[in-house]
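Take a look at the structure below.
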Amino acid sequence: MSEERSLNFLEEIIENDIEMGANDGRVHTRFPPEPNGYLHIGHATSICLNFGLAKKYSGKCNLRFDDTNPVTEETEYVESIKNDIKWLGFTWDNELYASDYFEQLYDFAVQLIRKGLAYVDDSTAEEIAATKGSLVTPGINSPYRERTVDENLQLFADMRAGKYKDGEKTLRAKVDMAHPNLLMRDPLMYRIKHEHHHRTGDKWCIYPMYDYAHGQSDSIEQITHSICTLEFIHHRPLYDWFIAQLGIFPSHQYEFARRNLTYTVMSKRKLLQLVNENHVTGWDDPRMPTVSGMRRRGYTPEAIRQFCDTIGIAKRENITDISMLEFCVREHLNKTANRVMAVLDPVKLVITNYPGGQEDVFDIENNPEDPNGGTRKVPFSNELWIEREDFMEEAPKKFFRLAPGNLVRLKGAFIVKCEGCKKDDSGNITEVHCTYLPESKSGHDTSGLTVKGTIHWVSIAHAKTAEVRMYDRLFRVEDPSSEEGNFKDYINPDSMQIIPSVYIEPALADAVPGDRVQFMRKGYFCVDTESKPGKLVFNRTVTLKDAWAKEVKRG
RNA sequence: AGUUCGAUUGUGUAACGGUAGCACCACAGACUCUGACUCUGUUAGUCUAGGUUCGAAUCCUAGUCGAACUACCA
49 MSEERSLNFL EEIIENDIEM GANDGRVHTR FPPEPNGYLH IGHATSICLN
99 FGLAKKYSGK CNLRFDDTNP VTEETEYVES IKNDIKWLGF TWDNELYASD
149 YFEQLYDFAV QLIRKGLAYV DDSTAEEIAA TKGSLVTPGI NSPYRERTVD
199 ENLQLFADMR AGKYKDGEKT LRAKVDMAHP NLLMRDPLMY RIKHEHHHRT
249 GDKWCIYPMY DYAHGQSDSI EQITHSICTL EFIHHRPLYD WFIAQLGIFP
299 SHQYEFARRN LTYTVMSKRK LLQLVNENHV TGWDDPRMPT VSGMRRRGYT
349 PEAIRQFCDT IGIAKRENIT DISMLEFCVR EHLNKTANRV MAVLDPVKLV
399 ITNYPGGQED VFDIENNPED PNGGTRKVPF SNELWIERED FMEEAPKKFF
449 RLAPGNLVRL KGAFIVKCEG CKKDDSGNIT EVHCTYLPES KSGHDTSGLT
499 VKGTIHWVSI AHAKTAEVRM YDRLFRVEDP SSEEGNFKDY INPDSMQIIP
549 SVYIEPALAD AVPGDRVQFM RKGYFCVDTE SKPGKLVFNR TVTLKDAWAK
599 EVKRG
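Everything in the first sequence is counted per this note's numbering, starting at 49 for the first residue and increasing by one.
Right, dumping it as structure tokens:
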């Protein structure tokens, strides 16, 4: 049995609605992106929420593109958004577009004009701003506010017919220019834009504003719970006003606090700058908090969903520690990623009592966490690559790796005893020498010895090579947006370090883009989209926890 | 300044008038053919001041602090 989990505030609202018989017990949500950019982890939260609630309460969730501004929107984004949602593991019930409702929205507007609740305004943008009032002072009525219904009907029809240029006229709702909520001071419903729309082409030259389109679109789709982020809370009275005046299905809006993550930025504007100014290689750069970036980084949909579920949902400002996300990624990869050996910073290990030219092949377990994970063949010989940091000529007491006199297990192979090392003229270590214990063979160990350290290795004669890209956090500070000055001043200059050639075990030679593995003791890595046979490229998804590194740092 | 929303360990989130809990992080230990994983434990919190009540994180009042809002963007 799964344990009882407390409800978040939206689940409470929904369960209460169901209990009260609201909407005949129906739950229908929607995810409404504007197709003007790529999805990021914030959107992922909203996706998990909307699709998750629909699933939990046997309801439906629509995918609706909020495409009411033809200037910024493109089909390319529609496709990437759909792809990201599918990758995250969700399926929408209906694929819809606000632009599907342009005719219906126009009819609604005519109704409001007839009721004397909307008027055509000839004021310029500057004039409207100037008469809007301020946070503490009321606005002033437009001189065009009292036009007759017939006149408004005619002018609105003329707007649609293309008789006016951009900005010459608008349609405004007639609410209250003294309302304390600025959004209620005769908000714009339509503006003129002689622009090509990615779906309606040149059919329209007037386009509805968000506030006028969104609630009505929800209503048309019979959305029961319209969930958005907190910055729209001021829009709710207007959302309700339009629906009430039109007497249409009463969808309701609920707001939650958008999620922020440490060591990154989330606003579309800032992400765009990172891309345009080449601080990253693109929207899908593995350092980006975009869904496509995280996918390329090697994060799994399961991990992202688990993360969204773990951090929960509330109405207060927040900034979630990125280590929470990394924990979820490790947790899933630990169960699913095969273990392999790769040496990133090599030094040669010579086994002096193992005959040159001889070779062993070991079957090594792919994943100790997965009983059905199977094994792979790993060749062994007298010369191996090991990590440079796994040998110390003069080692501290708690160093369990290779040091003269120390015993260490070569993962899946033998226990070796370190005999010393060879150096070049400038004192750099060029070879580590050791002898092996034949009776300590992995799985058939009769030596009776236990060793504290186990290290990974790759046989020099059999090694393949690959490029490895080591990623770190994009920023040096937890919350770049709240720091003094420009957020870009806080970019981490070492967020990507490329190692052109590392040694990998031969079993990895046919890895293909998207494959995820653990380089034992080094971290989780995935094969990059740019990787090709013979020219492999791995991205470091996330490091392993490293208690020894902490110990060393502490001194 | 006005309106609206919010405030629980370092972070995120529960507790719905009745034992302040869970996860991450940090720390300590056990285990380990990954210094990983796993397991055990530790540290640490109700913004402030009043009030209601047998009893307040929760209800009330006042304050403090934070966020959002004055785009022909969404």
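Where is the CB? At the ideal position from N, CA and C, for every residue including glycine.
Assigned secondary structure, residue i (DSSP; H/G/I helix, E/B strand, else coil)
i: residue 50; result: Confidence at residue 50 is low in this model, with a pLDDT of 36, below 50, so its placement is unreliable and the value that follows should be read with caution. Reduced to three states, the DSSP call for residue 50 is coil.
i: residue 71; result: helix
i: residue 525; result: coil
i: residue 608; result: What the structure shows of the chain is the stretch from 49 to 603, and residue 608 is not part of that stretch, so it cannot be assessed.
i: residue 25; result: Lying outside 49 to 603, the shown extent of the chain, residue 25 is not represented and no answer is given.
i: residue 109; result: strand
i: residue 365; result: coil
i: residue 673; result: The requested residue 673 is not part of the displayed model; the chain covers only 49 to 603.
i: residue 60; result: helix
i: residue 237; result: strand
i: residue 601; result: helix
i: residue 582; result: coil
i: residue 402; result: coil
i: residue 592; result: coil
i: residue 415; result: coil
i: residue 213; result: coil
i: residue 137; result: coil
i: residue 97; result: helix
i: residue 90; result: helix
i: residue 65; result: helix
i: residue 511; result: coil
i: residue 500; result: coil
i: residue 184; result: coil
i: residue 465; result: strand
i: residue 226; result: coil
i: residue 205; result: helix
i: residue 102; result: helix
i: residue 408; result: strand
Residue range of the beta strand (DSSP E) that includes residue i
i: residue 423; result: 423-428
i: residue 398; result: 394-399
i: residue 143; result: 143-145
i: residue 77; result: 76-79
i: residue 255; result: 254-256
i: residue 119; result: Note, residue 119: premise wrong, no beta strand (DSSP E); not H, not E.
i: residue 221; result: 218-221
DSSP beta-bridge partners of residue i
i: residue 448; result: BP columns for residue 448 are empty, so no partner.
i: residue 433; result: 396, 506
i: residue 518; result: 545
i: residue 477; result: 471
i: residue 573; result: 565, 588
i: residue 195; result: Residue 195 pairs with nothing; no bridge assigned.
i: residue 387; result: 566
i: residue 9; result: This structure gives no information on residue 9, because the portion of the chain shown stretches from 49 to 603.
Span of the alpha helix (DSSP H), counted from its first residue to its last, around residue i
i: residue 152; result: 150-162
i: residue 344; result: 339-345
i: residue 22; result: Nothing about residue 22 can be reported from this structure: the residues present for the chain run from 49 to 603 only.
i: residue 167; result: Segment 166-169 is the beta strand (DSSP E) holding residue 167; no alpha helix (DSSP H) there.
i: residue 353; result: 349-359
i: residue 178; result: 173-178
Contact test: residue i Cβ vs the ligand GTP heavy atom, cutoff 6 Å
i: residue 349; result: Of the ligands one can find in the structure shown there are none, so the ligand GTP has no counterpart to examine.
**Message:** Does the contact criterion of 3 or more C-beta pairs under 8 Å hold for the region 61-76 versus the region 264-276?
**Reply:** yes
**Request:** Output the residue ranges of the beta strand (DSSP E) runs that lie fully inside the region 259-330 and measure 3 residues or longer, sorted by chain position.
**Result:** 273-277, 300-304
**Message:** I'd like the ranges of any beta strand (DSSP E) spanning at least 3 consecutive residues and lying wholly in the region 536-568.
**Reply:** 544-552, 564-567
**Request:** Would you be able to state if there are at least three C-beta pairs under 8 Å between the region 124-141 and the region 179-187?
**Result:** no
**Prompt:** Pairing CB atoms from the region 447-466 with CB atoms from the region 420-434, are three or more of them under 8 Å?
**Reply:** yes
**Message:** Would the region 254-266 count as touching the region 143-156 if we require 3 or more Cβ pairs under 8 Å?
**Reply:** yes
**Item:** Contact the region 343-350 vs the region 525-543: 3+ CB pairs below 8 Å
**Value:** no
**Prompt:** At a cut of 8 Å, does the region 547-559 reach the region 499-514 through at least three beta carbon pairs?
**Reply:** yes
**Prompt:** Would you call the region 109-120 and the region 133-151 touching, i.e. three or more CB-CB distances under 8 Å?
**Reply:** yes
**Message:** If contact is defined by three or more beta carbon pairs under 8 Å, each pair taking one atom from either stretch, is the region 394-412 in contact with the region 564-571?
**Reply:** no
**Prompt:** Counting Cβ pairs closer than 8 Å, one from the region 300-308 and one from the region 324-340, do we hit at least three?
**Reply:** no
**Message:** Between the region 278-289 and the region 219-232, can you find at least three pairs of beta-carbon atoms closer than 8 Å?
**Reply:** yes
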